[in-house]
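Chains as they are written, first to last, in the numbering used here: chain A, 1 to 366; chain B, 1 to 243. A virtual CB, placed ideally from N, CA and C, is assigned to each residue, including glycine.
Here you go:
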């Protein structure tokens with residue numbers, strides 16, 4: 001009866017990159033690597049965009065790239081560690097407010113000060129909230145964490161609205177541009193390439209992290225947290241660490257956003273932006289870094305185009321599109337091109353000598 | 001004694017699953033836990049493993065009271081568990097499944113910079129060979145047969161070199177041949193590890209266990225060597241009653 005059961009998973013894993021030859025010995029063929037191609041195409045498109053787009057669209061594209069960076073932060077937390085953070089904007093927005101205050105009150109706009117400051121603000125808030133929500137002696141439930149983060153984000157929104165020092169409902173307008181010596185980053189291609197450069201660096205760091213053995217532990221955590229704990233992993237610590245890293249990335253994105261838009265307002269820490277980032281990642285494909293980027297680009301791109309062409313009903317159309325994707329492609333748009341094996345990915349290089357070890361006992365060939 | 005559970009009581013609402021059950025296991029002992037359905041075997045196993053907290057009673061392991069330990073702390077103390085429902089990580093390769101289990105206590109630094117992967121390679125392959133899975137090392141675990149998944153899971157449970165392994169129905173859903181192989185695979189671990197095993201297949205239990213504990217309605221009905229239990233009238237009675 002084992003044979004019946006195994007047929008189903010085998011069919012699901014059918015895109016595996018290991019072929020069985022007639023003798024039943026596993027042979028390794030080189031995996032069909034689609035992911036690097038997708039990543040390359042996205043990068044080339046991003047590099048060329050300002051050359052092809054009109055100026056006002058380059059400004060829009062810069063905003064999208066920043067939001068893609070923000071989406072990466074949520075993807076690390078949800079897609080890779082399975083922590084449902086409904087309050088990711090808390091870290092994004094508080095860093096935005098933080099750097100806005102630095103610029104307004106202390107005249108600090110130097111890029112080498114404000115970006116690290118924003119990152120640290122995001123990191124600190126995530127460490128505090130994550131420590132509180134995740135570091136119990138026993139694992140916290142998904143509901144507890146999602147409501148906890150949601151509440152954090154909502155409370156921050158209310159606080160920002162009510163606090164005169166933070167500008168209340170209006171937020172902090174006309175923030176001075178980010179600077180490097182006497183050069184000022186204003187909207188346009190230079191800002192675009194700066195942001196793109198940062199996105200690429202952060203993307204590569206995340207890629208390194210999720211493909212490491214730490215990433216393997218996260219993959220285990222996401223699939224079966226209890227199992228990992230029974231191996232002796234400190235599952236809560238792993239979660240708190242990745243949550244904090246996510247907060248730092250969100251903080252970096254938030255500080256770039258504040259300077260790019262030139263103002264911050266309470267929505268930026270609130271529930272609306274928190275949900276928006278969830279949608280980017282679900283739409284693009286959680287658990288793949290490029291899915292988060294693509295999701296942000298497409299959701300923002302489509303809403304931009306729809307709002308231009310269908311002025312009144314565009315949110316309804318967008319909502320329907322999102323629903324369709326979530327219903328029929330729960331793994332996101334990226335699952336149209338990426339197979340399951342490649343989506344899960346590999347963790348570190350395969351050891352060289354494994355080929356000769358493959359020729360061992362072959363048992364239970366079905 | 002390696003493991004001593006005494007006076008274990010577990011109440012779920014109105015249902016008393018365990019009513020003062022006890023279990024002692026010595027070093028390098030294979031101990032079978034048997035009894036009719038609903039006698040509380042799995043619950044006792046969970047209380048020992050830390051998946052459930054007993055309502056009253058005490059579990060000590062290597063002379064330490066571990067009743068309130070979390071699963072992580074138990075694992076680090078040298079206890080390991082194979083779940084009743086196979087819980088290998090289906091989308092990961094066999095190699096990664098084993099490595100995941102092996103590196104559970106590595107430092108964060110080693111994990112992030114993947115130092116464990118090179119260091120533990122030989123151990124991973126050795127475990128896979130020991131459990132006759134080496135030729136499938138880079139297949140996804142989901143592609144294995146049910147029996148092979150059970151073996152993979154036993155291999156994972158043994159990866160951390162535990163002093164005690166808890167096996168909940170290791171041969172569930174296996175063919176006769178697979179059961180025989182499972183017995184063969186388990187024998188060699190006796191040199192360094194004790195075993196508590198819950199199992200319906202009495203022949204299997206008789207073949208590999210040194211001692212047996214029989215539970216009935218949450219209480220210990222009898223405990224002793226396999227021969228003693230086989231001769232026990234009360235035990236014969238409950239199994240006859242069932243038949």
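Reference residue 16 (chain B); option with closest CA among B:26, B:5, B:199, B:39 = Counted from its first residue, the second chain places residue 16 (chain B) at position 16. Closest by alpha carbon: B:39.
Indicate whether at least one CB of chain C lies closer than 8 Å to the CB of residue 42 (chain B).
-> Absent here is chain C; the protein component of the structure consists of chains A and B.
Residue of A:197, A:201, A:238 minimising C-alpha distance to residue 216 (chain A) | The residue given as residue 216 (chain A) occupies position 216 in the first chain. Distance from the Cα of residue 216 (chain A) is smallest, within the candidate group A:197, A:201, A:238, for A:238.
Just reading off the alpha helix (DSSP H) that residue 281 (chain B) is part of, what are its end residues?
-> This structure cannot settle anything about residue 281 (chain B), because the visible part of chain B is limited to 1 through 243.
For residue 218 (chain B), go through chain A and note every residue whose CB falls closer than 7 Å to its CB, in chain order.
-> Indexing the second chain from 1 puts residue 218 (chain B) at position 218. Result: empty, since nearest Cβ-Cβ is about 24 Å, beyond 7 Å.
How about residue 161 (chain A): is its C-beta nearer than 8 Å to some C-beta of chain B?
-> Here the question's residue 161 (chain A) lines up with position 161 in the first chain. So, not an interface residue.
Measure the alpha-carbon distance for residue 72 (chain A) versus residue 118 (chain A) and round it to whole angstroms.
-> For the purposes of this step, residue 72 (chain A) is identified with residue 72 of the first chain, where counting begins at 1. For the purposes of this step, residue 118 (chain A) is identified with residue 118 of the first chain, where counting begins at 1. Straight-line Cα distance between these residues: approximately 16 Å.
Where residue 125 (chain B) falls: helix, strand or coil (DSSP) | Reading the second chain from its first residue, position 125 is the one you call residue 125 (chain B). If DSSP states are grouped into helix, strand and coil, residue 125 (chain B) belongs with the helices.
Whole-angstrom C-beta distance between residue 295 (chain A) and residue 285 (chain A), which should lie under 8 Å = Reading the first chain from its first residue, position 285 is the one you call residue 285 (chain A). Reading the first chain from its first residue, position 295 is the one you call residue 295 (chain A). Right, the Cβ-Cβ distance comes to about 7 Å (below 8 Å), so this counts as a contact.
In terms of residue numbering, what span does the beta strand (DSSP E) encompassing residue 178 (chain A) cover?
-> Residue 178 (chain A) sits at position 178 when you count from the first residue of the first chain. Its beta strand (DSSP E) spans residues 178-180.
Within the region 132-180 of chain A, note down every full beta strand (DSSP E) run reaching 3 residues or more, in order along the chain.
-> 178-180
Can you tell me whether residue 149 (chain B) is buried or exposed, with buried defined as 16 or more other CB within 10 angstroms of its CB?
-> As a position in the second chain, residue 149 (chain B) is number 149, starting the count at 1. The residue is buried, with at least 16 neighbouring Cβ atoms inside 10 Å.
Do you know whose CA, among B:100, B:2, B:6, B:237, lies nearest residue 153 (chain B)'s CA?
-> The residue given as residue 153 (chain B) occupies position 153 in the second chain. Checking every option, the nearest Cα to that of residue 153 (chain B) belongs to B:100.
Within the same chain, show all residues whose beta-carbon is closer than 8 Å to that of residue 150 (chain A), passing over the 5 residues directly before and after it, in chain order.
-> Taking the first residue of the first chain as 1, we reach residue 150 (chain A) at position 150. Cβ neighbours of residue 150 (chain A) beyond the five flanking positions: 86, 87, 271, 274.
Counting only the same chain and skipping the five closest in sequence on each side, list residues whose C-beta sits under 6 Å from that of residue 331 (chain A).
-> Position 331 of the first chain, counted from the first residue, corresponds to residue 331 (chain A). Once the five neighbours on either side are set aside, the close Cβ partners of residue 331 (chain A) are 285.
Would you verify that the beta carbon of residue 110 (chain A) is, or is not, closer than 8 Å to some beta carbon of chain B?
-> Numbered from 1 along the first chain, position 110 holds the residue referred to as residue 110 (chain A). Chain B, which has no Cβ nearer than 8 Å to the Cβ of residue 110 (chain A), makes this no.
Should residue 145 (chain A) be flagged as near chain B, meaning a C-beta pair shorter than 8 Å?
-> On the first chain, position 145 is the one that residue 145 (chain A) refers to. No, no contact with chain B.
Going straight from the alpha carbon of residue 23 (chain A) to that of residue 136 (chain B), what length do you get?
-> What you label residue 23 (chain A) is simply residue 23 of the first chain in a count that begins at 1. What you label residue 136 (chain B) is simply residue 136 of the second chain in a count that begins at 1. Confidence is the limiting factor: at residue 23 (chain A) the pLDDT is only 39, short of 50, which leaves the residue's position unreliable and the question unanswerable from this model.
Min CB distance residue 61 (chain B) to chain A below 8 Å | Position 61 of the second chain, counted from the start, is the residue given in the question as residue 61 (chain B). Not an interface residue.
For a contact meaning CB atoms closer than 7 Å, what does residue 224 (chain A) contact in chain B?
-> The count along the first chain starts at 1 and reaches residue 224 (chain A) at position 224. Neighbours of residue 224 (chain A) on chain B, chain order: 87, 89.
Contact with chain A by residue 204 (chain B), beta-carbon distance below 8 Å = Position 204 of the second chain, counting from 1, holds the residue named residue 204 (chain B). No, residue 204 (chain B) does not count as interfacial toward chain A.
Quick one: list the residues of chain B neighbouring residue 233 (chain A), beta-carbon separation under 7 Å, in chain order.
-> Sequence index remark: in the first chain, residue 233 (chain A) carries index 233 (1-based). Near residue 233 (chain A) (Cβ distances below 7 Å), the residues of chain B are 72, 104.
According to DSSP, residues forming a beta bridge with residue 60 (chain B) | The residue labelled residue 60 (chain B) in the question sits at position 60 within the second chain. B:4, B:65, per the DSSP bridge assignment.
Compare the C-beta of residue 133 (chain A) with all C-beta atoms of chain B and state if any pair is closer than 8 Å.
-> In the first chain, the residue the question calls residue 133 (chain A) occupies position 133. No, residue 133 (chain A) does not count as interfacial toward chain B.
Rounded C-alpha distance that separates residue 197 (chain B) from residue 23 (chain B) = Residue mapping note: residue 197 (chain B) aligns to position 197 of the second chain, counting from 1. Residue mapping note: residue 23 (chain B) aligns to position 23 of the second chain, counting from 1. Distance between the alpha carbons of residue 197 (chain B) and residue 23 (chain B) is about 12 Å.
Where the alpha helix (DSSP H) through residue 95 (chain B) begins and ends | One-based indexing of the second chain puts residue 95 (chain B) at position 95. Unbroken alpha helix (DSSP H) run through residue 95 (chain B): 94-102.
Rounded straight-line distance, which links the Cα of residue 164 (chain B) to that of residue 72 (chain B) | As a first step, residue 72 (chain B) is located in the second chain; it is residue number 72 there, counting from the start. As a first step, residue 164 (chain B) is located in the second chain; it is residue number 164 there, counting from the start. The alpha-carbon atoms of residue 72 (chain B) and residue 164 (chain B) are separated by roughly 14 Å.
Could you name each continuous alpha helix (DSSP H) segment of 4 residues or more that falls completely within the region 271-356 of chain A, going from the start of the chain to the end?
-> Here the runs fully enclosed are 271-284, 289-309, 314-328, 340-344.
In chain order, which beta strand (DSSP E) runs of at least 3 residues are fully inside the region 167-213 of chain B?
-> 194-198
Taking residue 298 (chain A) as the reference, give the member of A:313, A:282, A:311 with the closest Cα.
-> Reading the first chain from its first residue, position 298 is the one you call residue 298 (chain A). Comparing Cα-Cα distances from residue 298 (chain A) to each of A:313, A:282, A:311, the minimum goes to A:282.
What are the start and end residues of each continuous alpha helix (DSSP H) run of 4 or more residues lying completely inside the region 192-269 of chain A, in chain order?
-> Listed in chain order, they are 213-223, 225-231, 235-261.
6 Å Cβ shell around residue 187 (chain A) - same chain, five flanking residues per side excluded | Here the question's residue 187 (chain A) lines up with position 187 in the first chain. Correct list, in chain order: 59.
Cross-chain neighbours of residue 227 (chain A) in chain B, by beta carbon under 8 Å = Counting from 1 along the first chain, the entry for residue 227 (chain A) is found at position 227. 83, 87, 89, listed in chain order.
Give the DSSP-derived three-state secondary structure of residue 73 (chain A) in the structure shown.
-> Translated into positions along the first chain, residue 73 (chain A) becomes position 73. Residue 73 (chain A) falls in the helix class under three-state DSSP.
Interface flag, residue 111 (chain B) vs chain A, CB-CB below 8 Å | As a working note, residue 111 (chain B) is residue 111 in the second chain. Closer than 8 Å to some Cβ of chain A, the Cβ of residue 111 (chain B) qualifies, so yes.
Can you list the residues of chain B that residue 341 (chain A) reaches, using a CB-CB cut of under 7 Å?
-> Here residue 341 (chain A) corresponds to residue number 341 of the first chain, with the count starting at 1. Result: 140.
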